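Residue numbers (this note's numbering), protein chains in the order written: chain A, 262 to 425; chain B, 262 to 425.
Data block below; observations after.
There are 2 protein chains.
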Amino acid sequence: MSGDETRWLDPEEREAWLSYVAATTLLDGALDRQLQRDAGMPLAYYQILAMLSEVPNRTLRMSELAAITQSSQSRLSHAVARLERRGWVRRKPCSEDRRSTFAQLTEEGYAALAAAAPGHVGTVRRHLFDRLTPEQVGQLRDISRAVLSGLGVPGGDARDVLPG
Amino acid sequence: MSGDETRWLDPEEREAWLSYVAATTLLDGALDRQLQRDAGMPLAYYQILAMLSEVPNRTLRMSELAAITQSSQSRLSHAVARLERRGWVRRKPCSEDRRSTFAQLTEEGYAALAAAAPGHVGTVRRHLFDRLTPEQVGQLRDISRAVLSGLGVPGGDARDVLPG
DNA sequence: TCCAGGATGTTGAATGTTCAATCGCATGGT
DNA sequence: ACCATGCGATTGAACATTCAACATCCTGGA
Chain A
262 MSGDETRWLD PEEREAWLSY VAATTLLDGA LDRQLQRDAG MPLAYYQILA
312 MLSEVPNRTL RMSELAAITQ SSQSRLSHAV ARLERRGWVR RKPCSEDRRS
362 TFAQLTEEGY AALAAAAPGH VGTVRRHLFD RLTPEQVGQL RDISRAVLSG
412 LGVPGGDARD VLPG
Chain B
262 MSGDETRWLD PEEREAWLSY VAATTLLDGA LDRQLQRDAG MPLAYYQILA
312 MLSEVPNRTL RMSELAAITQ SSQSRLSHAV ARLERRGWVR RKPCSEDRRS
362 TFAQLTEEGY AALAAAAPGH VGTVRRHLFD RLTPEQVGQL RDISRAVLSG
412 LGVPGGDARD VLPG
């Protein structure tokens, strides 16, 4: 608002930032390409299916699904529409609150997820966890949580990848 | 190739992974929205302008610019086309190798970048560095570099944000 | 010299995401 | 009971990215 008091990044921060940006961009791209190539879906869709797969009845309200996948409602709505066309997800109206819609993973959707999971997890492992020490895994978790707490997300947990 | 030997994520890895995915997704979204709102450009375009701004003559070959911004050539070509329409970047042919094209930051582009930089850096600081200890900044750099080394990127450096 | 193969860059179509507007429904206050 | 307000979800248009195909040019070897 008033004077020019921008605090620029110091050299340590700058290096960390550049490495971080490059690493996340490339990692994201690698995961996306692997899934697109081997399973015909982008990473965002895999995450939707994965979240649904781990929940009772494989069903969630659209708004809950949006929250758990860090997606806007609009984005999720478009995504579920496309997943529905592929037969991987089914919409069902909610009788208690008729504004709500349930999204349910179909059998075909579960099968597609189960087929995609090993390749996806393998890629995550190869590109990320195989290169980190156990200490670094903990550090990554703590750093991520610190960022989340600044974006209005409680330190709670969630689910992904596949059920046990 | 043979039996089902998928190594799933253990609980530590799983937690780290879920936190990481949520944090990067939300951080990316926050940075993108801030820039779009305050400067009318997505983060990817900011990074293109920032890289050009820190290089002699504010000029790079398209392929170099693609490499330094972790972008595919196609993506960069589309992006530069749009930046050119806005008057922020100019293309120039390369006489030594006529397959190549130079991309040069215009004065207007530099002005747009300079106007956008304080808000962008402020957002990075608020959402990321203000929440990390100095140790964690170093950890983040090391983790990112470990990932980069597994994706065919040398541990070298690069530039971003703005020149000094 | 000639040409095969690789490098550089662009293009169009298909796909995915964002933004703003909108619709129907629920809730709480009067 | 009424209605203002806000929530849940969807839609269409604009925007951005990916993928495959293409055009152009360089390079090295026969």
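Each residue gets a CB set at the ideal place from its N, CA and C atoms; glycine is no exception.
Since the model is a prediction, treat every value here as computed from it, not as a measurement.
- Contact check for residue 384 of chain A against residue 291 of chain A passes: the beta carbons are separated by less than 8 Å.
- The beta carbon of residue 306 of chain B is closer than 7 Å to those of 340 and 344 in its chain, skipping five residues each way along the sequence.
- In this structure, residue 323 of chain A sits away from residue 308 of chain A, with a CB-CB distance that is not shorter than 8 Å.
- Minimum Cα-Cα distance from residue 325 of chain A among the listed residues A/293, A/371, A/354 and A/361 corresponds to A/361.
- With 16 or more other Cβ atoms inside 10 Å of its own Cβ, residue 285 of chain B counts as buried.
- Out of A/269, A/377 and A/342, the CA that lies nearest to the CA of residue 298 of chain A is found in A/377.
- In this model, residue 277 of chain B and residue 277 of chain A are separated by some 19 Å (Cα to Cα).
- With fewer than 16 other beta carbons inside 10 angstroms of its own, residue 348 of chain B counts as exposed.
- Taking a contact as a CB-CB distance under 8 Å, the pair residue 405 of chain B and residue 371 of chain A does not count as one, their CB atoms being some 34 Å apart.
- In the DSSP assignment, the residues bridged to residue 322 of chain A are A/363.
- Here residue 359 of chain A is exposed: its Cβ has fewer than 16 other Cβ atoms, across all protein chains shown, within 10 Å.
- By the Cβ test, the segment 391–409 of chain A is in contact with the segment 397–415 of chain B, since at least three Cβ pairs between them sit closer than 8 Å.
- Contact with chain A is absent for residue 339 of chain B, since none of that chain's Cβ atoms lies less than 8 Å from the residue's Cβ.
- Within 10 angstroms of the beta-carbon of residue 356 of chain A lie fewer than 16 other beta-carbons, which makes it exposed.
- The beta-carbon of residue 314 of chain A is placed no less than 8 Å from the nearest beta-carbon of chain B.
- DSSP places residue 354 of chain B in the uninterrupted beta strand (DSSP E) bounded by 350–354.
- No Cβ-Cβ contact shorter than 8 Å links residue 390 of chain A with residue 369 of chain B.
- Here residue 357 of chain A carries a coil assignment [DSSP, helix/strand/coil].
- In terms of Cα proximity to residue 294 of chain B, the closest of B/409, B/317, B/367 and B/381 is B/381.
- Taking 8 Å as the upper bound on Cβ-Cβ separation, chain A lies near residues 273, 274, 275, 276, 277, 278, 279, 280, 281, 282, 283, 284 and 285 of the segment 271–285 of chain B.
- When the Cα atoms are used, residue 375 of chain B and residue 319 of chain B turn out to be separated by approximately 14 Å.
- Distance from the CA of residue 388 of chain A to the CA of residue 410 of chain B, rounded to the nearest whole angstrom, comes to 9 Å.
- For a Cβ distance threshold of 9 Å, nothing in chain A lies close to residue 370 of chain B: the least Cβ distance comes to about 20 Å.
- Exclusion of the five residues before and after residue 367 of chain A leaves 348, 349, 350 and 351 as the residues of its chain whose Cβ lies within less than 8 Å of its Cβ.
- Among the residues of chain B, those whose CB is under 8 Å from the CB of residue 267 of chain A are 378, 379, 382 and 383, following chain order.
- For residue 401 of chain A, the chain B residues whose Cβ falls inside 7 Å of its Cβ are 277, 281 and 404, in order along the chain.
- In this structure, residue 408 of chain B and residue 296 of chain A do not form a Cβ contact; the two beta carbons are roughly 18 Å apart against a cut-off of 8 Å.
- Between the alpha carbons of residue 354 of chain A and residue 412 of chain A lies a gap of roughly 31 Å.
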